[in-house]
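Engineer: Here's a structure for you.
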Amino acid sequence: MGNEKVYVIPCSGIGKATASVGRDATYKVIEDKRPETSDTLCLSLLTMGDEEAADKVRKNKVITIEGCAKDCARKNVEASGATPAISHRVHDFLKEHRDLKPESVLDVGEGGRQLTEIMAEQVADEVDDLIGKA
Amino acid sequence: MEMEVRPTKVGVLSCSGESEAEGTIARNAVRLVMEEYRPGIVVSLCLPLYLAGDSGERDFARRVPVIAVDGCDKACARLATDKYSGDVESWIDIRDLINQWGVTEQLSRSHPGKLEQELTERVAQEIVKLVDRLVAEGKVEVDNQ
Numbered sequence: 001m002g003n004e005k006v007y008v009i010p011c012s013g014i015g016k017a018t019a020s021v022g023r024d025a026t027y028k029v030i031e032d033k034r035p036e037t038s039d040t041l042c043l044s045l046l047t048m049g050d051e052e053a054a055d056k057v058r059k060n061k062v063i064t065i066e067g068c069a070k071d072c073a074r075k076n077v078e079a080s081g082a083t084p085a086i087s088h089r090v091h092d093f094l095k096e097h098r099d100l101k102p103e104s105v106l107d108v109g110e111g112g113r114q115l116t117e118i119m120a121e122q123v124a125d126e127v128d129d130l131i132g133k134a
Numbered sequence: 135m136e137m138e139v140r141p142t143k144v145g146v147l148s149c150s151g152e153s154e155a156e157g158t159i160a161r162n163a164v165r166l167v168m169e170e171y172r173p174g175i176v177v178s179l180c181l182p183l184y185l186a187g188d189s190g191e192r193d194f195a196r197r198v199p200v201i202a203v204d205g206c207d208k209a210c211a212r213l214a215t216d217k218y219s220g221d222v223e224s225w226i227d228i229r230d231l232i233n234q235w236g237v238t239e240q241l242s243r244s245h246p247g248k249l250e251q252e253l254t255e256r257v258a259q260e261i262v263k264l265v266d267r268l269v270a271e272g273k274v275e276v277d278n279q
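This is how it looks when you write it as structure tokens:
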């Protein structure tokens with residue numbers, strides 16, 4: 001295995017609890033589940049044209065996680081010259097687990113935490129798959 | 135003769151930087167101000183949406199005074215606003231602020247504990263001061279009823 005990492009990039013959504021789920025799921029993957037093989041970066045920095053950030057997404061595999069259908073993370077990664085290997089919307093996980101609705105942006109609540117864990121597990125497996133293919 | 139129409143909202147744009155603890159503090163502090171301290175006055179936008187979005191988001195930031203809240207001196211929120219909607223009214227650099235407060239502990243971006251929550255509260259109060267100053271200066275019209 002080389003030095004490749006999978007960059008898990010959530011949207012920076014400040015208005016939706018689903019964005020908090022995406023952000024928390026990202027931290028679970030990169031800090032707890034796959035710290036050796038995954039990382040994240042500031043989406044705003046990438047969007048502002050930071051060359052170092054753009055280089056990371058161009059040279060590594062990327063998974064984006066969206067809090068809403070505007071798909072800011074995917075679109076901004078694409079605008080930087082990369083194509084995400086996988087793009088998720090938190091709402092798709094929520095459709096599968098309708099009882100796990102996150103409560104608020106500042107506190108996603110117990111349902112939101114369970115949804116975060118489900119999402120993080122799947123993304124961690126995807127990191128393994130992508131590193132295996134790297 | 136046209137009547138002057140003053141804005142009724144203050145825009146607060148947070149960097150929300152995912153890779154830095156100060157980005158988490160920025161995001162949570164802005165939400166605290168929106169939800170608890172100055173609800174109805176403060177509005178925010180997702181910064182990447184503002185950057186990549188249509189003219190609606192950028193027009194909004196042209197019509198209201200904007201406070202940029204950045205986690206670090208890369209100043210994504212301030213630079214983005216300056217570029218697309220004009221100069222910000224005020225800018226907070228949280229890392230600089232935390233240094234001024236003498237905090238040297240390692241901060242967590244993912245698991246905000248007591249210290250991160252205290253810092254979030256202090257940053258929120260700094261934002262509140264800036265919002266109130268805009269109101270006091272008459273740059274924002276607030277319905278007191």
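Note that the protein sequences, when read in sequence, are chains A and B.
According to the working numbering, the stretch in the first sequence is residues 1 to 134, in order.
According to the working numbering, the stretch in the second sequence is residues 135 to 279, in order.
Note that beta-carbon positions come from the ideal geometry of N, C-alpha and C, so glycine has one too.
Would you check if the distance between the CB atom of tryptophan 225 (chain B) and the CB atom of alanine 202 (chain B) is smaller than 8 angstroms?
Structural biologist: Cβ atoms of tryptophan 225 (chain B) and alanine 202 (chain B): closer than 8 angstroms.
Engineer: Sorted by chain position, which residues of the same chain lie with C-beta nearer than 7 angstroms to alanine 73 (chain A)'s C-beta, five sequence neighbours on each side aside?
Structural biologist: Taken in chain order, the residues that qualify are Ile9, Pro10, Cys11, Leu43, Thr64, Ile65, Glu66.
Engineer: Where are the beta strand (DSSP E) runs, 3 residues long or more, that stay fully inside the stretch 196 to 274 of chain B, in chain order?
Structural biologist: The qualifying runs are 200 to 204, 224 to 227.
Engineer: Taking the continuous beta strand (DSSP E) assigned at isoleucine 14 (chain A), which residues delimit it?
Structural biologist: Careful: isoleucine 14 (chain A) lies outside any beta strand (DSSP E) and carries neither H nor E.
Engineer: Consult DSSP for threonine 158 (chain B) and reduce its assignment to one of helix, strand or coil.
Structural biologist: DSSP places threonine 158 (chain B) in helix when its eight states are reduced to three.
Engineer: According to DSSP, is aspartate 39 (chain A) helix, strand or coil?
Structural biologist: It is a strand residue.
Engineer: Would you please state the rounded distance, in angstroms, between the beta carbons of threonine 116 (chain A) and proline 182 (chain B)? I believe it to be under 8 angstroms.
Structural biologist: In fact, because the Cβ distance is near 21 angstroms, the residues do not count as touching under 8 angstroms.
Engineer: Can you tell me which of A:Glu52, A:Glu4, A:Ser38 puts its alpha carbon nearest to the alpha carbon of glycine 81 (chain A)?
Structural biologist: Closest by alpha carbon: A:Glu52.
Engineer: Can the beta-carbon of valine 57 (chain A) be found less than 8 angstroms from the beta-carbon of alanine 120 (chain A)?
Structural biologist: Not in contact: valine 57 (chain A) and alanine 120 (chain A) (Cβ atoms no closer than 8 angstroms).
Engineer: Arginine 113 (chain A) by DSSP, collapsed to three states: which one?
Structural biologist: Arginine 113 (chain A): helix per DSSP, three-state reduction.
Engineer: Ends of the beta strand (DSSP E) at leucine 147 (chain B)?
Structural biologist: Residues 144 to 148.
Engineer: On a CA-only basis, which of B:Glu152, B:Pro173, B:Ser189, B:Arg161 is nearest threonine 40 (chain A)? Give me that one, please.
Structural biologist: For the residues B:Glu152, B:Pro173, B:Ser189, B:Arg161, the minimum Cα distance to threonine 40 (chain A) belongs to B:Glu152.
Engineer: Taking 8 angstroms as the cut-off, does the stretch 120 to 132 of chain A touch the stretch 148 to 166 of chain B (at least 3 CB pairs, one atom from each stretch)?
Structural biologist: Output reads no: the stretch 120 to 132 of chain A does not touch the stretch 148 to 166 of chain B.
Engineer: Comparing alpha-carbon positions, which option in A:Glu31, A:Asp99, A:Val90, A:Asn60 lies nearest alanine 124 (chain A)?
Structural biologist: Out of A:Glu31, A:Asp99, A:Val90, A:Asn60, A:Glu31 has the C-alpha closest to the C-alpha of alanine 124 (chain A).
Engineer: From the DSSP output, read off the bridge partner residues of histidine 88 (chain A).
Structural biologist: Looking at the DSSP assignment, histidine 88 (chain A) forms a beta bridge with A:Ile65.
Engineer: Report the rounded CA-to-CA distance for glutamate 250 (chain B) versus arginine 165 (chain B), giving the unit in angstroms.
Structural biologist: The alpha-carbon atoms of glutamate 250 (chain B) and arginine 165 (chain B) are separated by roughly 15 angstroms.
Engineer: How would you write the range of the alpha helix (DSSP H) that arginine 140 (chain B) sits in, first residue to last?
Structural biologist: Where arginine 140 (chain B) is concerned, there is no enclosing alpha helix (DSSP H), given that its DSSP letter is neither H nor E.
Engineer: Could you name the residues that DSSP lists as bridge partners for valine 123 (chain A)?
Structural biologist: Per DSSP, none; premise fails for valine 123 (chain A).
Engineer: Per DSSP, which one or two residues make a beta bridge with valine 8 (chain A)?
Structural biologist: Answer is A:Ile63, bridged to valine 8 (chain A).
Engineer: In angstroms, rounded to a whole number, what distance separates the CA positions of isoleucine 232 (chain B) and glycine 247 (chain B)?
Structural biologist: Cα to Cα, isoleucine 232 (chain B) sits roughly 16 angstroms from glycine 247 (chain B).
Engineer: What is the rounded straight-line gap between the Cα of glutamine 279 (chain B) and the Cα of aspartate 128 (chain A)?
Structural biologist: Summary for glutamine 279 (chain B): the model assigns pLDDT 44, below 50, so the residue's position carries little reliability, and this model does not support an answer.
Engineer: If you check the beta carbons only, do lysine 95 (chain A) and alanine 186 (chain B) fall under 8 angstroms apart?
Structural biologist: No; because the gap between Cβ atoms is not below 8 angstroms, this pair is not in contact.
Engineer: Relative to the C-alpha of glutamate 126 (chain A), which candidate in A:Arg113, A:Ala85, A:Gly49 has its C-alpha closest?
Structural biologist: Of the candidates A:Arg113, A:Ala85, A:Gly49, the one whose C-alpha sits nearest the C-alpha of glutamate 126 (chain A) is A:Ala85.
Engineer: Whose C-alpha, out of B:Leu179, B:Arg161, B:Cys206, B:Arg172, is nearest the C-alpha of glutamate 274 (chain B)?
Structural biologist: Per the sequence shown, the amino acid found at residue 274 (chain B) is valine instead of glutamate. Checked all of B:Leu179, B:Arg161, B:Cys206, B:Arg172; the closest Cα to valine 274 (chain B) is B:Arg172.
Engineer: Taking arginine 243 (chain B) as the reference, which of A:Asp24, A:Tyr7, A:Gly13 has the closest Cα?
Structural biologist: Comparing Cα-Cα distances from arginine 243 (chain B) to each of A:Asp24, A:Tyr7, A:Gly13, the minimum goes to A:Asp24.
Engineer: Compare the C-alpha of serine 178 (chain B) against each of B:Asp227, B:Arg267, B:Thr215, B:Asp221 and name the closest.
Structural biologist: If we check each option's Cα against that of serine 178 (chain B), B:Thr215 comes out closest.
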